[in-house]
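Sequential numbering from 22 applies to the sequence shown in our numbering. Where a beta carbon is used, it is the ideal one built from N, C-alpha and C, also for glycine. Since the structure comes first, as structure tokens, the remarks are kept for the end.
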Amino acid sequence: MNILILGSGGREHSLAWAVKQNPKTDRLIVAPGNAGIAMLAECADIDILDGAVVVTFCEENAIDFVIVGPEAPLAAGVADACRAAGLLTFGPSAAAARLEASKAFTKEICDACNAPTAGYARFTEAGPAKDYIRAQGAPIVVKADGLAAGKGVIVAMTEAEALAAIDDMFGGEFGAAGAEVVIEEFMAGEEASFFILTDGTHALPIGTAQDHKRVGDGDIGPNTGGMGAYSPAPVLTEALQRQAMDQIVLPTIAEMARRGTPYQGVLYAGLMIENGQARLVEYNARFGDPEAQVLMMRLGAQALDLMLATAEGRLGEAQVNWADDHALTVVMATKGYPGAFAKGSQIRGLDELPEDSRHMVFHAGTAAQDGGLIATGGRVLTVTARGTTLREAQTAAYAMVDQIDWPEGFCRRDIGWRAL
Ligand code: AMP
Ligand code: GLY
22 MNILILGSGG REHSLAWAVK QNPKTDRLIV APGNAGIAML AECADIDILD
72 GAVVVTFCEE NAIDFVIVGP EAPLAAGVAD ACRAAGLLTF GPSAAAARLE
122 ASKAFTKEIC DACNAPTAGY ARFTEAGPAK DYIRAQGAPI VVKADGLAAG
172 KGVIVAMTEA EALAAIDDMF GGEFGAAGAE VVIEEFMAGE EASFFILTDG
222 THALPIGTAQ DHKRVGDGDI GPNTGGMGAY SPAPVLTEAL QRQAMDQIVL
272 PTIAEMARRG TPYQGVLYAG LMIENGQARL VEYNARFGDP EAQVLMMRLG
322 AQALDLMLAT AEGRLGEAQV NWADDHALTV VMATKGYPGA FAKGSQIRGL
372 DELPEDSRHM VFHAGTAAQD GGLIATGGRV LTVTARGTTL REAQTAAYAM
422 VDQIDWPEGF CRRDIGWRAL
């Protein structure tokens with residue numbers, strides 16, 4: 022098959038790595054890709070937010086299967102355009118991707134199917150939103166309704182912080198994403214991510230993971246896109262996965278189908294676990310980044326078969342073959358991230374690292390320059406290893422990190438601490 026993956030991050034590098042290992046793959050193109058992806062696939066610099074452009078590219082290159090990585094093309098309807106053109110496509114329609122693109126919509130779905138989640142109220146004006154915050158008190162969570170690149174959620178520990186967040190959101194800090202605001206009850210507990218493939222009818226859990234959102238060791242400092250992850254997440258026990266499937270995931274899938282907007286693709290359920298109960302924090306309509314890196318390392322080539330079964334509506338007969346192992350990934354970012362950072366610093370030492378089914382450096386923000394490699398983003402590398410225990414995976418990942426010569430980069434040194 023000829024396969025096109027849309028996206029340019031560490032997630033897409035890991036998807037490409039897994040897909041490439043499957044003998045069904047003849048030609049693999051990633052658009053736009055990055056310097057790491059270019060080592061294993063062709064890269065094509067096209068506008069992946071434009072459905073017509075993607076469809077034309079697929080026709081010109083005889084693409085048989087399209088995998089959409091990030092949320093922006095999903096929200097822009099690129100999966101719809103591909104399917105309308107008769108292309109086999111992995112990823113939800115824009116209508117179904119509202120589970121990520123609108124927090125108010127997700128709350129509506131939870132209400133309709135009685136899924137456990139934080140109590141909430143929605144506002145389109147600052148005055149009533151502030152009255153509500155004063156009545157509820159802190160801690161409280163303020164969310165811009167729309168996509169805000171992971172920055173639209175303020176977990177306010179004080180009332181003043183929450184009120185300031187209202188001013189920011191209605192003041193336009195998040196553009197159109199902040200035109201509506203969802204205010205939620207603060208949920209205490211431990212967070213974990215649960216990944217489920219669904220073809221709109223059937224659902225197949227494909228793994229659990231835990232991310233590390235804060236920039237600093239010990240979970241301090243500002244929020245990031247994720248500084249590291251591991252899979253499986255022991256906090257998500259079999260019993261909790263069952264509960265999450267029965268009370269949250271399956272009812273959501275049924276409700277989306279009932280509304281005539283069936284969800285097809287990967288559903289990423291962010292869960293909060295407290296007192297032996299899982300509640301929904303949020304949905305994402307895609308694989309997590311860097312959670313995909315640990316999932317792909319554990320799934321390997323079968324990831325393609327599972328995504329094909331999803332797109333073809335055959336998940337009822339699919340199953341996952343798990344190795345009883347662990348994977349851990351450490352994100353290396355440019356110093357300054359998630360604030361301002363300089364681009365263009367040299368990264369050395371990657372050539373000497375092992376690259377096999379247990380060790381991979383997935384690139385997130387790199388470019389080739391003068392025969393070398395430079396950093397072009399905040400999150401730049403995701404250094405990933407697999408082991409028979411989580412400790413072994415952690416030791417292997419940090420051993421790789423320590424061989425990378427990049428003075429302008431940094432990473433957290435404690436990825437995996439909760440489970441260890
Ligand atoms: P994201 O939407 O991925 O930026 O996630 C925002 C983060 O805010 C989540 O991963 C949680 O850590 C936190 N969060 C969101 N909603 C709540 C809530 N109701 N209670 C506590 N923490 C929350
Ligand atoms: N790592 C969090 C996310 O992908 O949303």
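Excluding the 5 residues preceding and the 5 following residue i in the sequence, name in chain order all residues of the same chain whose CB lies nearer than 8 Å to its CB.
| i | result |
| --- | --- |
| L374 | H380, V382, M421, Q424 and I425 |
| M277 | A117, L120, I130, G221, P283 and Y284 |
| I50 | N23, I24, L25, I26, A62, E63, C64, A65, N82 and I84 |
| D326 | N43, K45 and A339 |
| I161 | I154, A177, E180, A183, I204, E205, E206 and F207 |
On a Cα-Cα basis, can you pick out the residue from the options that is closest to residue i?
| i | options | result |
| --- | --- | --- |
| S29 | A147, L316 and R400 | R400 |
| A73 | Y284, R155, L292 and R104 | R104 |
| K364 | T350, A348, A116 and T387 | T387 |
| F431 | Q367, T416 and V352 | V352 |
| R335 | A361, Q285, D346 and E295 | Q285 |
| S378 | E201, A406, T397 and E146 | A406 |
| V163 | K128, M178, E194 and E205 | E205 |
| N116 | G107, V99, A106 and E63 | One point to set straight first is that residue 116 is Ala, not Asn, in the sequence displayed. Of the candidates G107, V99, A106 and E63, the one whose C-alpha sits nearest the C-alpha of A116 is V99. |
| A223 | M178, A200, T273 and F207 | The sequence shown places His at residue 223, not Ala. Nearest C-alpha to H223: T273. |
| E259 | F215, L301 and E338 | F215 |
| R369 | D166, G360, A389 and K356 | A389 |
| M266 | C134, W427, A197 and T409 | C134 |
| D261 | A213, P113 and A186 | It is Leu, not Asp, that sits at residue 261 in the sequence shown. Checking every option, the nearest Cα to that of L261 belongs to A213. |
| T127 | T110, A159, G297 and A165 | A165 |
| I241 | A440, D435 and G31 | D435 |
| E429 | A186, D188 and S366 | S366 |
| L292 | G107, I58, P137 and A59 | P137 |
| I395 | G237, T355 and E376 | T355 |
| Y358 | K41, G392 and G247 | G247 |
| A440 | E211, K172 and A186 | E211 |
| Y10 | G337, V270 and G199 | Outside the shown range of the chain, which is 22 to 441, sits residue 10, and nothing can be said about it. |
| G297 | E333, A330, L257 and T331 | L257 |
| A332 | V302, E413, T409 and T219 | T219 |
What residues in its chain sit with their C-beta under 6 Å from that of residue i, if we drop five residues either side in the sequence?
| i | result |
| --- | --- |
| V341 | I227 |
| L27 | A52, I69, V89, G90 and P94 |
| A118 | L95, A96 and A306 |
| Q415 | L349 and G437 |
| V404 | V351, V382, A418, M421 and V422 |
| N244 | K234 |
| A139 | E205, E206 and M208 |
| F308 | R32 and V287 |
| V174 | K164 |
| G107 | none |
| G112 | V89, L95, A100 and G286 |
Just checking residue i against the ligand GLY - is the residue's beta carbon closer than 7 Å to any of the ligand's heavy atoms?
| i | result |
| --- | --- |
| G246 | yes |
| E33 | no |
| G309 | yes |
| L312 | The question names Leu, but residue 312 in the sequence shown is Glu. E312: yes, Cβ under 7 Å from the ligand GLY. |
In whole angstroms, what is the alpha-carbon distance linking residue i and residue j?
| i | j | result |
| --- | --- | --- |
| E182 | V176 | 9 Å |
| V87 | R280 | 25 Å |
| S123 | L168 | 7 Å |
| R18 | E295 | Coverage of the chain is limited to positions 22 through 441, which leaves residue 18 absent and any answer about it impossible. |
| L300 | M328 | A quick correction: the sequence has Arg, not Leu, at residue 300. Distance between the alpha carbons of R300 and M328: 27 Å. |
| A170 | A102 | 23 Å |
| M178 | A159 | 6 Å |
| H347 | M317 | 11 Å |
| Y289 | G192 | 30 Å |
| C79 | G337 | 28 Å |
Using 7 Å as the cut-off, classify the Cβ of residue i as near or not near the heavy atoms of the ligand AMP, replying yes or no.
| i | result |
| --- | --- |
| D174 | Going by the sequence as given, residue 174 is Val instead of Asp. Yes. |
| E303 | yes |
| K234 | yes |
| E399 | First, the amino acid is wrong: residue 399 is Gly here, not Glu. No - the ligand AMP has no heavy atom lying nearer than 7 Å to the Cβ of G399. |
| F431 | no |
| F144 | no |
| A177 | no |
| E194 | no |
| A198 | no |
| A363 | no |
| V162 | yes |
| M208 | yes |
| G237 | no |
| G291 | yes |
| A230 | no |
Does the beta-carbon of residue i, which I'm using as the reference point, lie nearer than 7 Å to any heavy atom of the ligand ATP?
| i | result |
| --- | --- |
| P91 | Ligands in the displayed structure: the ligand AMP and the ligand GLY; the ligand ATP is not one of them. |
Is the CB of residue i under 8 Å away from at least one CB in chain C?
| i | result |
| --- | --- |
| A105 | Among the chains of the structure shown, chain C does not appear; only one protein chain is present. |
Considering only residues of the same chain and omitting the five flanking positions on each side of residue i, which have a CB-CB separation below 7 Å?
| i | result |
| --- | --- |
| L184 | K151 and I154 |
| A385 | G30, G31, G398, R400, V401, L402 and T403 |
Quiz item: Is it true that the stretch 32-52 meets the stretch 242-262, where meeting means three or more beta-carbon pairs spaced less than 8 Å apart?
Solution: no
Quiz item: Does the stretch 303-319 come close enough to the stretch 228-236 to have 3 or more Cβ pairs within less than 8 Å?
Solution: Per the Cβ contact rule, the stretch 303-319 is in contact with the stretch 228-236 (3 or more Cβ pairs under 8 Å).
Exercise. Say whether the stretch 186-205 touches the stretch 143-150, bearing in mind that this needs 3 or more beta-carbon pairs closer than 8 Å, one atom from each stretch.
Key: yes
Quiz item: If you pair each beta-carbon of the stretch 320-339 with each one of the stretch 148-166, do three or more pairs fall below 8 Å?
Solution: no
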